[in-house]
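These protein sequence lines map, in sequence, to chains A and B.
With positions in the first sequence counted from 1, the corresponding number in this note's numbering is that position plus 6.
With positions in the second sequence counted from 1, the corresponding number in this note's numbering is that position plus 391.
Every residue, glycine too, gets a C-beta built ideally from N, C-alpha and C.
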Amino acid sequence: MGHFLTRTAGQVAVFFAFFAFWEGLVDLLRIKPVILPPPSLIFVAIAKHWSYLLANSWPTLFAVTGGFAVAALLGFVIAVGIAYSRWVSDLTYPFLVAAQVLPKVALAPLFLIWFGFGLTPKVVIAALIAFFPIVINTARGLISVEQELLQYMNSLGATWWEIFFKISLPWALPYIFASFRIAITLAVVGAVVGEFISSDTGLGYVISYANTSLDTDIMFAGIFVLSALGVVLFLLVVLVERMVLSWQSAVEAAPETM
Amino acid sequence: MAAPAIRIEKLSLGYRTGNGPVTAIEEISLEIAPRSFVSIVGPSGCGKTTLLKVLSGVLKPTSGRVTFDDVPIEQTNLSGEIGYVFQRPLLLPWRTAVQNVLLTTEIARKDVPLADRVAEARKWLSLTGLAGFEDRLPHELSGGMQQRVSLSRALALHPSILLMDEPFAALDEITREAMQEQLLQLWSLTESTVVFVTHSIGEAVLLSERVIVMTARPGRVDTVIDVPFPRPRDEALRGSAAFAELVQSIRRKLRHSQPALEGVA
Numbered sequence: 007m008g009h010f011l012t013r014t015a016g017q018v019a020v021f022f023a024f025f026a027f028w029e030g031l032v033d034l035l036r037i038k039p040v041i042l043p044p045p046s047l048i049f050v051a052i053a054k055h056w057s058y059l060l061a062n063s064w065p066t067l068f069a070v071t072g073g074f075a076v077a078a079l080l081g082f083v084i085a086v087g088i089a090y091s092r093w094v095s096d097l098t099y100p101f102l103v104a105a106q107v108l109p110k111v112a113l114a115p116l117f118l119i120w121f122g123f124g125l126t127p128k129v130v131i132a133a134l135i136a137f138f139p140i141v142i143n144t145a146r147g148l149i150s151v152e153q154e155l156l157q158y159m160n161s162l163g164a165t166w167w168e169i170f171f172k173i174s175l176p177w178a179l180p181y182i183f184a185s186f187r188i189a190i191t192l193a194v195v196g197a198v199v200g201e202f203i204s205s206d207t208g209l210g211y212v213i214s215y216a217n218t219s220l221d222t223d224i225m226f227a228g229i230f231v232l233s234a235l236g237v238v239l240f241l242l243v244v245l246v247e248r249m250v251l252s253w254q255s256a257v258e259a260a261p262e263t264m
Numbered sequence: 392m393a394a395p396a397i398r399i400e401k402l403s404l405g406y407r408t409g410n411g412p413v414t415a416i417e418e419i420s421l422e423i424a425p426r427s428f429v430s431i432v433g434p435s436g437c438g439k440t441t442l443l444k445v446l447s448g449v450l451k452p453t454s455g456r457v458t459f460d461d462v463p464i465e466q467t468n469l470s471g472e473i474g475y476v477f478q479r480p481l482l483l484p485w486r487t488a489v490q491n492v493l494l495t496t497e498i499a500r501k502d503v504p505l506a507d508r509v510a511e512a513r514k515w516l517s518l519t520g521l522a523g524f525e526d527r528l529p530h531e532l533s534g535g536m537q538q539r540v541s542l543s544r545a546l547a548l549h550p551s552i553l554l555m556d557e558p559f560a561a562l563d564e565i566t567r568e569a570m571q572e573q574l575l576q577l578w579s580l581t582e583s584t585v586v587f588v589t590h591s592i593g594e595a596v597l598l599s600e601r602v603i604v605m606t607a608r609p610g611r612v613d614t615v616i617d618v619p620f621p622r623p624r625d626e627a628l629r630g631s632a633a634f635a636e637l638v639q640s641i642r643r644k645l646r647h648s649q650p651a652l653e654g655v656a
């Protein structure tokens with residue numbers, strides 16, 4: 007417990023040191039606020055424009071969670087196909103790799119044409135970016151199940167569903183949650199890119215609009231709120247993971263048992 | 392079903408690899424009496440595990456056949472009749488010891504009420520010396536304890552045939568010897584036929600009625616040796632001259648059946 011408190015204090019101190027350094031640097035070099043506002047001004051801007059920032063946080067939150075949900079659902083289904091069918095795996099793998107290599111952000115302007123303004127293009131971009139780590143990790147998790155154990159269960163007359171829900175799915179859950187951690191941060195990137203290009207709401211819009219009008223303090227306020235949103239969503243995933251995989255955190259905490 | 396008479400007739404199994412076809416086992420013929428304890432010893436790659444997998448119905452032979460009480464294995468309903476213990480415990484890390492034991496009966500004995508299956512699981516955990524550890528997760532147990540859970544998981548099925556694939560090979564010597572003696576006691580409580588694969592000649596002699604010595608590449612039966620020592624057997628037997636002599640003679644046979652310079656296994 008003492009160790010935990012020391013660590014948390016240290017982590018908070020790093021943030022403080024970073025902001026203090028930033029504040030001092032801006033002051034020392036007399037950087038104009040329009041180029042780089044000091045953190046103090048940014049926090050003032052956050053307080054001043056709070057309702058504007060909050061109102062624009064909701065659309066971003068919806069886009070991120072919507073994109074994440076679509077990616078998780080589709081990713082899971084396709085991963086099951088890849089894990090259980092050689093045919094699906096062989097056919098889709100090259101396509102998945104090619105699609106993974108493609109910078110999906112580059113497709114964003116296209117989605118503006120296809121889906122217009124509003125929530126849809128943001129969700130689509132967020133889902134597209136978050137999708138790949140979920141597919142790859144989930145499939146890897148499902149494939150990593152001990153084959154001998156599966157053969158044993160088969161020889162006992164287990165059905166596909168029994169094996170899937172009793173063994174394969176719980177076995178893959180640590181992999182799935184690892185991919186969720188990555189995917190949720192990627193979904194934030196996707197949603198903001200969507201808002202840069204085709205939106206008149208959301209934190210991404212706040213940032214790009216403030217940028218064009220040279221309101222650098224509002225721009226940074228938007229970035230700070232966006233970071234906070236991303237951190238909260240990430241911690242939420244971690245929290246759910248801790249609850250679902252309580253046995254696993256116990257494994258991690260146990261010294262040298264494996 | 393009661394423990395069946397197992398008959399293996401001219402059993403061969405081959406498979407294709409990148410380097411051409413490989414014969415894992417070739418023309419193996421064996422008879423295993425009901426409720427007996429048979430060990431298979433042999434060098435790595437002699438097809439011991441392959442043979443167990445054919446007996447459990449996981450692998451289909453290329454030729455030859457296996458019958459249980461004269462019924463071909465394909466026509467037998469094996470569900471829940473065959474317990475398996477692997478070299479590694481292969482427990483589910485999110486399930487407690489008792490939940491891990493329940494896994495097999497959950498699948499093969501759905502007709503039995505849950506309360507009875509739980510009582511059965513607890514009984515075997517207690518018989519294997521794990522009373523008080525029922526609600527621990529696998530990572531909280533030592534390697535030997537995990538293997539006891541794995542053994543309980545197989546025994547809770549009341550298997551007519553218990554297949555064991557080097558179950559004690561990964562354990563330290565003290566634990567291994569304790570578990571060998573424990574296995575004999577547990578086996579005397581069951582009706583099971585045990586087919587036990589091992590590298591250790593001493594282990595095979597201590598445990599079994601018959602020791603089947605196999606040769607490698609392709610896997611063939613070299614010799615079948617009857618072990619005359621009466622049961623119950625215990626620690627004292629391990630130190631006896633007759634025991635050492637029999638182990639030595641089997642070791643000589645194994646050496647003889649191996650090429651003088653063995654390649655990489």
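Residue span of the alpha helix (DSSP H) that contains residue i, given as start and end
| i | result |
| --- | --- |
| residue 458 of chain B | Counting along the chain, residue 458 of chain B falls outside any alpha helix (DSSP H), though it belongs to the beta strand (DSSP E) covering 454–459. |
| residue 222 of chain A | 222–250 |
| residue 507 of chain B | 505–518 |
| residue 602 of chain B | Counting along the chain, residue 602 of chain B falls outside any alpha helix (DSSP H), though it belongs to the beta strand (DSSP E) covering 601–606. |
| residue 408 of chain B | From DSSP, residue 408 of chain B is part of no alpha helix (DSSP H) but of the beta strand (DSSP E) over 397–408. |
| residue 82 of chain A | 56–90 |
| residue 543 of chain B | 534–546 |
| residue 192 of chain A | 175–204 |
Residue i to residue j span [Cα, whole Å]
| i | j | result |
| --- | --- | --- |
| residue 497 of chain B | residue 239 of chain A | 38 Å |
| residue 60 of chain A | residue 192 of chain A | 21 Å |
| residue 165 of chain A | residue 66 of chain A | 43 Å |
| residue 6 of chain A | residue 132 of chain A | A question about residue 6 of chain A goes unanswered here, because the residues of chain A that appear run from 7 up to 264. |
| residue 446 of chain B | residue 161 of chain A | 10 Å |
| residue 418 of chain B | residue 403 of chain B | 5 Å |
| residue 622 of chain B | residue 144 of chain A | 52 Å |
| residue 99 of chain A | residue 178 of chain A | 19 Å |
| residue 641 of chain B | residue 532 of chain B | 36 Å |
| residue 653 of chain B | residue 436 of chain B | Per-residue confidence for residue 653 of chain B stands at a pLDDT of 48, beneath the threshold of 50, marking its modelled position as unreliable; no derived number is given. |
| residue 253 of chain A | residue 530 of chain B | 9 Å |
| residue 209 of chain A | residue 229 of chain A | 8 Å |
| residue 469 of chain B | residue 574 of chain B | 23 Å |
| residue 168 of chain A | residue 93 of chain A | 23 Å |
| residue 424 of chain B | residue 585 of chain B | 10 Å |
| residue 245 of chain A | residue 236 of chain A | 14 Å |
| residue 212 of chain A | residue 225 of chain A | 7 Å |
| residue 647 of chain B | residue 569 of chain B | 31 Å |
| residue 540 of chain B | residue 24 of chain A | 52 Å |
| residue 101 of chain A | residue 74 of chain A | 21 Å |
| residue 430 of chain B | residue 248 of chain A | 45 Å |
Residue range of the unbroken beta strand (DSSP E) whose run includes residue i
| i | result |
| --- | --- |
| residue 580 of chain B | Segment: none, residue 580 of chain B is in no beta strand (DSSP E) and carries neither H nor E. |
| residue 419 of chain B | 411–423 |
| residue 613 of chain B | 611–617 |
| residue 474 of chain B | 473–476 |
| residue 431 of chain B | 428–432 |
Residue closest to residue i, alpha-carbon to alpha-carbon, out of the options
| i | options | result |
| --- | --- | --- |
| residue 618 of chain B | B/627, B/608, B/609 and B/602 | B/602 |
| residue 219 of chain A | A/15, A/33 and A/40 | A/40 |
| residue 604 of chain B | B/410, B/394 and B/438 | B/438 |
| residue 577 of chain B | B/502, B/563, B/550 and B/401 | B/550 |
| residue 658 of chain B | B/643, B/634 and B/615 | The structure shown does not extend to residue 658 of chain B, since chain B is modelled only from 392 to 656, so the question has no answer here. |
| residue 484 of chain B | B/513, B/518, B/527 and B/514 | B/527 |
| residue 464 of chain B | B/510, B/396, B/486 and B/432 | B/396 |
| residue 204 of chain A | A/234, A/149, A/117 and A/11 | A/117 |
| residue 449 of chain B | A/249, A/157 and A/82 | A/157 |
| residue 644 of chain B | B/626, B/612 and B/629 | B/612 |
| residue 571 of chain B | B/394, B/589 and B/415 | B/589 |
| residue 122 of chain A | A/206, A/106 and A/96 | A/206 |
| residue 154 of chain A | B/539, B/555 and B/534 | B/555 |
| residue 393 of chain B | B/582, B/600 and B/409 | B/582 |
| residue 609 of chain B | B/412, B/398 and B/400 | B/412 |
| residue 399 of chain B | B/410, B/434 and B/462 | B/462 |
Cβ separation of residue i and residue j, assumed to be a contact under 8 Å, to the nearest whole Å
| i | j | result |
| --- | --- | --- |
| residue 183 of chain A | residue 251 of chain A | 7 Å |
| residue 37 of chain A | residue 227 of chain A | No, residue 37 of chain A and residue 227 of chain A are not in contact; Cβ-Cβ is about 17 Å, not under 8 Å. |
| residue 199 of chain A | residue 130 of chain A | In fact, because the Cβ distance is near 11 Å, the residues do not count as touching under 8 Å. |
| message | Which residues of the stretch 13–24 of chain A have a Cβ closer than 8 Å to any Cβ of chain B? Give them in chain order. | response | Answer in chain order: no residues at all.
| request: Pull out every residue of the stretch 452–472 of chain B whose Cβ sits closer than 7 Å to any Cβ of chain A, in chain order. | output: Listed in chain order, the positions of the stretch 452–472 of chain B with a beta carbon within less than 7 Å of a beta carbon of chain A are 469, 470 and 471.
| Near-chain B residues of the stretch 160–174 of chain A - C-beta to any C-beta below 8 Å | Per Cβ criterion, the list reads 160, 161, 162, 163, 164, 168, 172 and 173.
| field | Residues of the stretch 128–160 of chain A whose Cβ lies closer than 8 Å to any Cβ of chain B, in chain order | value | Residues passing the 8 Å Cβ filter: 152, 154, 155, 157, 158, 159 and 160.
| request: Return the residues of the stretch 418–450 of chain B that lie within a Cβ-Cβ distance of less than 7 Å from chain A, sorted by chain order. | output: Cβ contacts with chain A: 447, 448 and 449.
| request: Taking a Cβ distance cut-off of 9 Å, strictly less, list which residues of the stretch 567–589 of chain B are near chain A, in chain order. | output: So the list is empty, because no residue satisfies the distance condition.
| Taking a cut of 8 Å between CB atoms, which residues from the stretch 494–528 of chain B lie near chain A? | For the stretch 494–528 of chain B, the beta-carbon criterion of a distance under 8 Å to any beta-carbon of chain A is satisfied by 494, 495, 497, 498, 499 and 528.
| field | Proximal residues, the stretch 78–110 of chain A versus chain B, C-beta separation under 7 Å | value | Interface annotation for the stretch 78–110 of chain A against chain B: empty, criterion Cβ-Cβ distance under 7 Å.
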